[in-house]
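S.K.: Each residue of the sequence shown is one higher than the last, beginning at 2 in my numbering.
Where is the CB? At the ideal position from N, CA and C, for every residue including glycine.
Can you keep this structure in mind? I'll have questions shortly.
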Amino acid sequence: MDIKSSQKPLILVSNDDGIEAPGLMALVDALTPLGDVVAVAPDDPQSGKSSAITVGAPLHITQHPDAQGARVFSVSGTPVDCVKLAMHTILPRRPDFVFAGINHGSNSGTAITYSGTMGAVLEGCMDGIPSVGFSLLHHSLKADFSMSLPLVKSIAADVVAHGLPHWTALNVNIPALIVPKGVRVCRAAKGHWSEEYKRYLDPSGNPFFWLTGRFVNMEPNATDTDEYWLGQKYISIVPVTPDQTVTSAIPEMATRFDVESDHQIIISPNHQPTKSPNH
Numbered sequence: 002m003d004i005k006s007s008q009k010p011l012i013l014v015s016n017d018d019g020i021e022a023p024g025l026m027a028l029v030d031a032l033t034p035l036g037d038v039v040a041v042a043p044d045d046p047q048s049g050k051s052s053a054i055t056v057g058a059p060l061h062i063t064q065h066p067d068a069q070g071a072r073v074f075s076v077s078g079t080p081v082d083c084v085k086l087a088m089h090t091i092l093p094r095r096p097d098f099v100f101a102g103i104n105h106g107s108n109s110g111t112a113i114t115y116s117g118t119m120g121a122v123l124e125g126c127m128d129g130i131p132s133v134g135f136s137l138l139h140h141s142l143k144a145d146f147s148m149s150l151p152l153v154k155s156i157a158a159d160v161v162a163h164g165l166p167h168w169t170a171l172n173v174n175i176p177a178l179i180v181p182k183g184v185r186v187c188r189a190a191k192g193h194w195s196e197e198y199k200r201y202l203d204p205s206g207n208p209f210f211w212l213t214g215r216f217v218n219m220e221p222n223a224t225d226t227d228e229y230w231l232g233q234k235y236i237s238i239v240p241v242t243p244d245q246t247v248t249s250a251i252p253e254m255a256t257r258f259d260v261e262s263d264h265q266i267i268i269s270p271n272h273q274p275t276k277s278p279n280h
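Set out below in structure tokens:
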């Protein structure tokens with residue numbers, strides 16, 4: 002595959018479940034008819050890493066045999082490390098699209114806050130690249146992706162054909178163990194996680210804790226959220242953005258906090274900063 006001279010769209014694929022995750026190859030399979038695909042994924046599972054990057058430690062790139070028509074690499078870092086290194090080191094040119102997944106587990110509701118899959122997607126979006134994350138509501142590495150692949154391919158083909166609005170990415174979640182009834186564009190359900198850690202004792206009797214918990218939907222009766230439509234056996238698509246500004250709150254916050262300073266910093270004779278009225 003000569004990507005450098007190819008006229009096809011260049012598609013970067015990553016995930017947070019690691020290079021060995023079946024969901025990664027399921028997504029590669031869906032995307033290879035749409036362009037030149039390069040998969041760059043973490044060496045090991047990196048779930049929950051959000052937009053973390055590796056600082057103060059070396060990163061290593063390993064090339065793997067091509068798979069399903071795609072070039073394949075792994076990185077000893079986070080999903081965002083994968084995207085950054087791919088764009089700066091691995092790819093011969095800027096990718097036209099970034100796709101991530103298919104994640105083993107849901108990224109609906111507020112899970113995007115923690116998701117390494119969506120961290121990779123938002124990284125691509127911040128760089129002005131149309132980016133989409135796919136997640137299946139099934140954590141098992143033996144999850145069956147076949148029932149949803151036709152709609153995954155359809156969504157991906159639409160994005161490749163028409164792009165996305167600037168500064169907008171898509172968070173796509175897929176119900177498991179069924180053929181989805183269809184697709185619905187909606188908003189993320191508001192909620193939080195409870196009972197997040199379970200306490201255990203090691204053989205010496207010392208306590209340790211294991212992350213667990215469940216998502217609590219704070220608006221279970223709302224019919225316009227991803228949690229609702231997933232419950233109705235539809236694929237949910239939530240448009241998301243890296244900009245977390247609550248613009249609607251700016252006027253109220255401005256009335257509370259916008260002030261002109263009436264003090265200035267002066268240096269005292271002993272070189273300790275002090276405040277003095279600005280008359």
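According to the neighbour-count rule (16 or more other Cβ atoms, all chains shown, within 10 Å of its Cβ), is alanine 235 buried or exposed?
M.R.: One detail in the question is off: residue 235 reads as tyrosine in this sequence, not alanine. It counts as buried.
S.K.: Quick check on asparagine 207: buried or exposed, where buried means 16 or more other Cβ atoms within 10 Å of its Cβ?
M.R.: exposed
S.K.: Taking 8 Å as the threshold (C-beta atoms), are leucine 86 and valine 99 in contact?
M.R.: For valine 99 and leucine 86, no; Cβs fall outside 8 Å.
S.K.: Roughly how many angstroms lie between the CA atoms of glutamate 124 and proline 166, to the nearest whole one?
M.R.: 15 Å
S.K.: By alpha-carbon positions, which one of Asp227, Pro252, Ala42 and Arg257 ends up nearest to asparagine 108?
M.R.: Asp227
S.K.: Taking arginine 185 as the reference, give the member of Val173, Asn222, Pro204 and Leu13 with the closest Cα.
M.R.: Val173
S.K.: Out of curiosity, what's the CA-to-CA distance linking serine 205 and glutamate 196?
M.R.: Their backbone Cα atoms lie some 25 Å apart in a straight line.
S.K.: Under three-state DSSP, which class holds valine 133?
M.R.: strand
S.K.: Assuming valine 84 is part of the alpha helix (DSSP H), what are its boundary residues?
M.R.: 80–86
S.K.: Among Tyr198, Ile238, Leu11 and Ala223, whose alpha-carbon lies nearest the alpha-carbon of tryptophan 211?
M.R.: Comparing alpha carbon positions, the residue from Tyr198, Ile238, Leu11 and Ala223 closest to tryptophan 211 is Tyr198.
S.K.: Sort Val56, Ser52, Lys50 and Ala68 by Cα distance to leucine 28 and report the nearest one.
M.R.: Of the listed residues, the one whose Cα sits closest to leucine 28 is Ala68.
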